[in-house]
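Going by this note's numbering, the first residue of the sequence shown is number 13, and it counts up by one from there.
A virtual CB, placed ideally from N, CA and C, is assigned to each residue, including glycine.
Below you'll find the structure, written out as structure tokens, and then a few comments.
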Amino acid sequence: MALPLKITLLTGLLLLTACRSEPIQFHTLTPVQRSNASLAAGGEIRIESITVPPQVDRPQIVIRQGDSGVAILETQWWAASLVDELRSALVDQLASSRKNLAVRIEVQRFDSIPGQYALLDVKWRLRQTGTDERTPLTCRTVVQSPSGPTIDDLVIAQQNNVKRFAALLSQAADKSSSECPAVR
């Protein structure tokens, strides 16, 4: 084989190898172990709507970098849209209620910082449905969980945040008070 042909083949092989991309990894906010939510309480907490900030409203996982930067991770994706991931995780985690209730959720911040923490900042409105409606309860909840350096660590930290937020929603649903539950 002539030297120019060998060089051409080797160059072509190197170019093809350089074009190889990393495989996409998919993540979910729904933990492997299902919640121990009691299904015999007689009511339900229905999720009317969920909104998230536009910066994180994409299939790729977005992380914070430094004080003002963000990185969109092209090979780390949510299994569904972030809104759908939150909805699925909350439905899985919400214990049934003694009453029929509806909740509207507006995520203010969904921060993920590798090696530091994951933060979920949510404004929410819980109202009783049916004939004897009480005044809606409007609250703001901020939950934060420490995170290790990997994306898997960040996802697990956000799963913990969703679990803690769902516990607060369930607590508020079963109380007849008009006070927001405290974060623990």
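- prompt: How far does the alpha helix (DSSP H) with L102 in it reach, from first residue to last?
  reply: Locating residue 102 in the sequence shown gives position 90, where the first residue counts as 1. Segment 94–105, the alpha helix (DSSP H) holding L102.
field: Residue burial classification, A91 (beta-carbon count within 10 angstroms, cutoff 16)
entry: For the purposes of this step, residue 91 is identified with residue 79 of the sequence shown, where counting begins at 1. Under this definition A91 is an exposed residue.
Proximity of E191 and A114 at Cβ, strictly below 9 Å: Here residue 191 refers to the residue found at position 179 of the sequence shown. Here residue 114 refers to the residue found at position 102 of the sequence shown. Cβ atoms of E191 and A114: not closer than 9 Å.
query: Can you tell which of Q72, A184, L17 has its C-alpha closest to the C-alpha of T40?
result: As a working mapping, residue 40 is identified with position 28 in the sequence shown. Cα-wise, what sits closest to T40 is Q72.
- prompt: Quick one: complete alpha helix (DSSP H) runs, 4+ long, within the segment 156–188?
  reply: As for any alpha helix (DSSP H) of minimum length 4 sitting wholly inside the segment 156–188, the runs are 163–186, ordered along the chain.
- prompt: In this structure, what does DSSP give as the bridge partners for T150?
  reply: Within the sequence shown, numbered from 1, the residue matching residue 150 stands at position 138. Partner(s): R137.
- request: Report the residue from V68, T147, G78 whose alpha carbon sits nearest the alpha carbon of Q128.
  value: As a position in the sequence shown, residue 128 is number 116, starting the count at 1. Out of V68, T147, G78, G78 has the C-alpha closest to the C-alpha of Q128.
field: Cβ neighbours of R58 in the same chain (closer than 8 Å, five flanking residues each side left out)
entry: By 1-based counting over the sequence shown, the position of residue 58 is 46. The residues are N112, L113, A114, V115, T141.
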